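Undergrad:
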Amino acid sequence: MIKKITGLTALALALGATYGVGAVEKTPMHREAPALAAPQASVGVVATTGIATSVMPQAPIRDVQLRFGQVAPPPGTFVLRGVQPEGQIEFGVRSDEVVSQAQLNLEFTPSPSLIPVESHLKVYLNDQLMGVATITKEQLGKSNHIQMDIDPRYITDFNRLRLVFIGHYQNICENPANSTIWLDIGKASSLNLRYQTLPLQNDLSHFPEPFFDGRDTRPLVLPMVFAGSPDANQQRAAAILSSWFGGRAQWRGQTFPALFNQLPDRHGIVFATNDKRPDFLREHPPVDGPTVEMISHPDDPFVKLLVIMGRNDDDLITAVQGISQGNVLFRGQRAVVDQMQQLMPRQPYDAPNWVRTDRPMTFGELKQYPEQLQSSGIQPYPVSLTMNLPPDLFLIHSSGIDMRLKYRYTAPQLENSSRLSISLNNQFVQAYTLVPDRNQGTEVLHLQMLKGLFDSGKELTIPALKLGAVNQMTFDFDYTTLLASGTEGRCETYTTAINHVVVDDNSTIDFSGYRHFIPMPDLRAFANAGFPFSRMADLSETLVLVNKQPQPIQVTTLLNAVGNIGALTGYPAQALRLSDDWSQAKNLDSDILMVGNIPPELRDDTKISMLVDATQSWVKQPVRQGPLPDMNSPASDAVADSKTTVTAKGPLAAIVGVQSPTHPQRSIVALLADSTSGFELLNQAMLDTGKRAAIFGSVAIIRESGVNSLRVGDVYYVGHLPWWERVWNALATHPVLMAFIAVLAVVLSALLLWRGLQMLSRRRLSPDDQD
Numbered sequence: 004m005i006k007k008i009t010g011l012t013a014l015a016l017a018l019g020a021t022y023g024v025g026a027v028e029k030t031p032m033h034r035e036a037p038a039l040a041a042p043q044a045s046v047g048v049v050a051t052t053g054i055a056t057s058v059m060p061q062a063p064i065r066d067v068q069l070r071f072g073q074v075a076p077p078p079g080t081f082v083l084r085g086v087q088p089e090g091q092i093e094f095g096v097r098s099d100e101v102v103s104q105a106q107l108n109l110e111f112t113p114s115p116s117l118i119p120v121e122s123h124l125k126v127y128l129n130d131q132l133m134g135v136a137t138i139t140k141e142q143l144g145k146s147n148h149i150q151m152d153i154d155p156r157y158i159t160d161f162n163r164l165r166l167v168f169i170g171h172y173q174n175i176c177e178n179p180a181n182s183t184i185w186l187d188i189g190k191a192s193s194l195n196l197r198y199q200t201l202p203l204q205n206d207l208s209h210f211p212e213p214f215f216d217g218r219d220t221r222p223l224v225l226p227m228v229f230a231g232s233p234d235a236n237q238q239r240a241a242a243i244l245s246s247w248f249g250g251r252a253q254w255r256g257q258t259f260p261a262l263f264n265q266l267p268d269r270h271g272i273v274f275a276t277n278d279k280r281p282d283f284l285r286e287h288p289p290v291d292g293p294t295v296e297m298i299s300h301p302d303d304p305f306v307k308l309l310v311i312m313g314r315n316d317d318d319l320i321t322a323v324q325g326i327s328q329g330n331v332l333f334r335g336q337r338a339v340v341d342q343m344q345q346l347m348p349r350q351p352y353d354a355p356n357w358v359r360t361d362r363p364m365t366f367g368e369l370k371q372y373p374e375q376l377q378s379s380g381i382q383p384y385p386v387s388l389t390m391n392l393p394p395d396l397f398l399i400h401s402s403g404i405d406m407r408l409k410y411r412y413t414a415p416q417l418e419n420s421s422r423l424s425i426s427l428n429n430q431f432v433q434a435y436t437l438v439p440d441r442n443q444g445t446e447v448l449h450l451q452m453l454k455g456l457f458d459s460g461k462e463l464t465i466p467a468l469k470l471g472a473v474n475q476m477t478f479d480f481d482y483t484t485l486l487a488s489g490t491e492g493r494c495e496t497y498t499t500a501i502n503h504v505v506v507d508d509n510s511t512i513d514f515s516g517y518r519h520f521i522p523m524p525d526l527r528a529f530a531n532a533g534f535p536f537s538r539m540a541d542l543s544e545t546l547v548l549v550n551k552q553p554q555p556i557q558v559t560t561l562l563n564a565v566g567n568i569g570a571l572t573g574y575p576a577q578a579l580r581l582s583d584d585w586s587q588a589k590n591l592d593s594d595i596l597m598v599g600n601i602p603p604e605l606r607d608d609t610k611i612s613m614l615v616d617a618t619q620s621w622v623k624q625p626v627r628q629g630p631l632p633d634m635n636s637p638a639s640d641a642v643a644d645s646k647t648t649v650t651a652k653g654p655l656a657a658i659v660g661v662q663s664p665t666h667p668q669r670s671i672v673a674l675l676a677d678s679t680s681g682f683e684l685l686n687q688a689m690l691d692t693g694k695r696a697a698i699f700g701s702v703a704i705i706r707e708s709g710v711n712s713l714r715v716g717d718v719y720y721v722g723h724l725p726w727w728e729r730v731w732n733a734l735a736t737h738p739v740l741m742a743f744i745a746v747l748a749v750v751l752s753a754l755l756l757w758r759g760l761q762m763l764s765r766r767r768l769s770p771d772d773q774d
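Sequential numbering from 4 applies to the sequence shown in the working numbering.
1. Going by DSSP, which residues form a beta bridge with Gly709?
2. Identify, in the order they occur along the chain, each residue of the same chain with its Cβ nearer than 6 Å to the Cβ of Ser420, setting aside the five sequence neighbours on each side.
3. Please confirm if the stretch 126-139 is in contact with the stretch 147-157, defined as three or more CB-CB distances below 8 Å between the two stretches.
4. Who does Ile184 pair with in a DSSP beta bridge?
5. Spatial neighbours of Glu110 within its chain, please: C-beta separation below 6 Å, excluding the five flanking residues on both sides.
6. Buried or exposed: where does Met347 fall if 16 or more other Cβ atoms within 10 Å of its Cβ makes it buried?
7. Evaluate Pro373 with the Cβ neighbour count: other Cβ atoms within 10 Å of its Cβ, from every protein chain shown; 16 or more gives buried, anything less gives exposed.
8. Check for me: the alpha helix (DSSP H) holding Thr559 runs from which residue to which?
9. So, at 7 Å on beta carbons, what are the nonlocal neighbours of Lys140 in its own chain, with the 5 sequence-adjacent residues on each side left out?
10. Does the Cβ-Cβ distance between Lys2 and Asn428 come in under 8 Å?
11. Could you tell me which of Asn277, Pro226 and Asp291 sits nearest to Lys307, measuring between CA atoms?
12. Does the pairing of the stretch 224-238 with the stretch 255-273 give three or more beta-carbon distances under 8 Å?
13. Within 10 angstroms of its Cβ, does Pro202 collect 16 or more other Cβ (buried), or is it exposed?
14. Whose C-beta lies closer than 6 Å to the C-beta of Arg280 among residues of the same chain, with five residues either side of it excluded?
15. Express the C-alpha separation of Ser424 and Ala435 in angstroms, rounding to a whole number.
16. Secondary structure at Phe536, three-state DSSP: helix, strand or coil?
17. How far does the beta strand (DSSP E) with Val339 in it reach, from first residue to last?
18. What would DSSP say about Pro267, mapped onto helix, strand or coil?
19. Roughly how many angstroms separate the alpha carbons of Glu35 and Thr200, rounded to a whole number?
20. Can you find the residues in the same chain that come closer than 8 Å, C-beta to C-beta, to Asn162, ignoring five residues on each side of it along the sequence?
21. Can we say the stretch 407-414 touches the stretch 505-525, given the rule of at least three CB pairs closer than 8 Å?
22. Using the C-alpha atoms, what's the distance from Met597 back to Tyr574?
23. Excluding sequence positions up to five away, which residues of its chain have a Cβ less than 6 Å from the Cβ of Thr2?
24. According to DSSP, what are the bridge partners of Pro522?
25. Using alpha carbons as the reference points, say which of Arg84, Arg65 and Pro115 lies closest to Glu100.
26. Could you pull the start and end residues of the beta strand (DSSP E) that Thr436 belongs to?
27. So, with DSSP's three-state summary, where would you put Ala252?
28. Based on the DSSP output, what are the partners of Ala742 in its beta bridges?
29. When you compare only the Cα positions, how much space is there between Leu724 and Thr365?
30. Whose C-beta lies closer than 7 Å to the C-beta of Ile501 among residues of the same chain, with five residues either side of it excluded?
31. Starting from the Cα of Asp216, find the closest Cα among Pro155, Trp757, Gln257 and Ile153 and give me that residue.
32. Bridge partners of Thr365, per DSSP?
33. In whole angstroms, what separates the C-alpha of Asn391 from that of Trp357?
34. Go ahead and label Glu121 buried or exposed: buried means 16 or more other beta carbons lie within 10 angstroms of its beta carbon, across all protein chains shown.
35. Just the C-alpha distance for Ser116 and Leu685, rounded to the nearest angstrom, thanks.
36. Mind checking whether Gly533 and Asn563 have CB atoms under 8 Å apart?
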């Protein structure tokens, strides 16, 4: 990790007048070795408190504008009020960069009712006051722009820029909850940063830095370099590694441009064997086994290359498996992976990013950072928790999901006025009253260190039909604030107290005991959860069908697709299989992901809804297409109503989902495009969260205008339900049939009862009985 110096003297000496302020503290292991330093760059070394600081005046710089509309919490604007006076943005600094200049451009509109000068805005960076913006009379009720310099000495790896509003509307008997106390921070506000690149030593002990840096919130762009068009084994090695990097990137997004015998212009990965390597590695010594080595870019000392090398393709696969499972042992410039052994096979639905379905799971296991389940303030901000579920979890007839909720909170001042509201995916679920001290009784918390907080345990049932693959649970503690009151000549005011709320880590949610059953094809499950391939986190039941001589953009599409699945599951695709021969792959009991062209054997009108060729495409339209991606529509709506053939110029791509022709429980998802531009559209759509949300049904057509999805063709089912549940599920979606069966059952019961009564009457009147 690279650490930033906070001393002004060191900053001035290190950067001088070239970049203003900003410097770096670098440990000896992170300094560039003399033999690897750029020959044309001059290096200055400044001693500060015994630490050597190496700064290259000619180092690259980049200017970044962090707009509040992009980095602030949704919707990207702040409305600061008397009871919620704070708003903040967060940003990180990569370990191979340092911020030398920073400036805050603030757009704000204050309430016209505020008292000038007494009302002002304070700006903090990492709890250090950076400046105060006084609100003048001329600014009231108008949009204003100010610029404020931020001292980069206080910028560290992770940073929080906090805005604190001090607002007053009268001098006596002031109510902090008055609606006239507000200040709007606009989306056009921004934080402008100048980053300076730092030289790094070739040391794998910091891996995955600099190839992936968790402080960087931008989408991961990591080039993958091959000597030429890679075969299936080399593509498999790159796919395994891209899935591992995707698991690191997660919500950021990721793309892996494939390059053939070409140097990247940024940090990248190079695959090479002793016999097949890029030209720029011709003089690199051969290796005796799976090797991972970090070297400098031949033309740019600030860019690093991770060389994955072996005697053959099998060594490349062993090397990337060692990276994904054993990188904590890496150190020095080179590491040799002697052996990688899978000790235990993965089980279905055990992806690390998914909620467990074999036992109840605590909220502490679902947290993504330490303070996620707590909040403080006069009006504490809502507490949120994300839950990722297998998309085939059968919850249709469930009465609800059980959740044992435990929470602690500061006692409210008024009785029956404050409450906890619980929402799921922005839909209200339930509310609980926050009771004051005297009504809490035996639920007082026994931990002395949390005295003043109160504990409550509640049984909560979550409506199952509101759950999806990605779910957000929100806990909003809403406190009623005591108001100032009084009469003429007399005023009563109150000092507002900070409220603390905590959702306990030991709260549990239980998804165990539910079956897995889903109607297919469902491209929404593929786009949002990588299903059906992600059923096994290591993709051990997945086969990727690739071209024998793929183009770079086709390899990029493969790596992006597998990297996206790794981001969704949080586990590398260790057991992924690749093939370029459909005749050998079609009999395998696996879900199939196709990239590029469809084999001639599968060009069947009844199986493929859309084929993309160079200049011609055709599509079938369903009888009825709903406006929303709802899989509960009847199967009759998906029957093809028309077929249209169109010849046109322009890029076109498609994602097609069909049932495997050889295994009824298996699926095929094909990523198709008519050109290089079409594959670029496909990759952009899979990276864009908005376009990904528009993917559903059996075919998604991607054009420059956006994504259009259709649900057409046969529906099949993946998973298992007992026959009685299948019958009930079928009747539940056909109310007319259910009514007919109910009437038929009543009639049959009446006939049986009538027949039984007749038999009983005959028996009673029989002559034998009379004797």
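Note that the Cβ used here is the ideal one computed from N, Cα and C, for glycine as well.
Computed from a predicted structure; not experimentally measured.
TA: If we stick to the structure as given:
1. Arg706
2. Thr483
3. yes
4. The partner list for Ile184 (beta bridge, DSSP) is empty, contrary to what the question assumes.
5. So the qualifying residues of the chain are His148, Gly189, Ala191 and Ser192.
6. exposed
7. By the Cβ-count criterion, Pro373 is exposed, with fewer than 16 other Cβ atoms from all chains shown falling within 10 Å of its own Cβ.
8. Pro555 to Thr572
9. Pro119
10. The structure shown has nothing for residue 2, since the chain only spans 4 to 774.
11. When only C-alpha atoms are compared, the closest one is Pro226.
12. yes
13. buried
14. Excluding its 5 nearest sequence neighbours in each direction, Arg280 has C-beta neighbours in its own chain below 6 Å: Ala230, listed in chain order.
15. Looking at the sequence itself, residue 435 is Tyr, so the reference to Ala does not match. In a straight line, the C-alpha of Tyr435 is about 7 Å away from that of Ser424.
16. In the structure shown, Phe536 falls within a helical segment according to DSSP collapsed to helix, strand and coil.
17. Arg337 to Val339
18. coil
19. Here the model assigns Glu35 a pLDDT of 38, short of 50, so the residue's position is not dependable and the matter cannot be decided.
20. In its chain, beyond the 5 residues on either side, Glu93, Phe94, Gly95, Val96, Leu128 and Asn129 have a beta carbon closer than 8 Å to the beta carbon of Asn162.
21. yes
22. Distance between the alpha carbons of Tyr574 and Met597 is about 21 Å.
23. Not covered by the structure: residue 2. The range shown for the chain is 4 to 774.
24. Tyr720
25. Between Glu100 and the set Arg84, Arg65 and Pro115, the nearest pair of CA atoms involves Arg65.
26. DSSP places Thr436 inside the beta strand (DSSP E), whose first and last residues are Gln430 to Thr436.
27. helix
28. None; Ala742 has no bridge partner.
29. 28 Å
30. These residues qualify, in order along the chain: Ser379, Gly380 and Ile381.
31. Gln257
32. Thr511
33. When rounded, the distance between both Cα atoms is 5 Å.
34. By the 10 Å Cβ count, Glu121 comes out exposed.
35. Their backbone Cα atoms lie some 52 Å apart in a straight line.
36. In terms of Cβ geometry, Gly533 and Asn563 do not form a close pair [threshold 8 Å].
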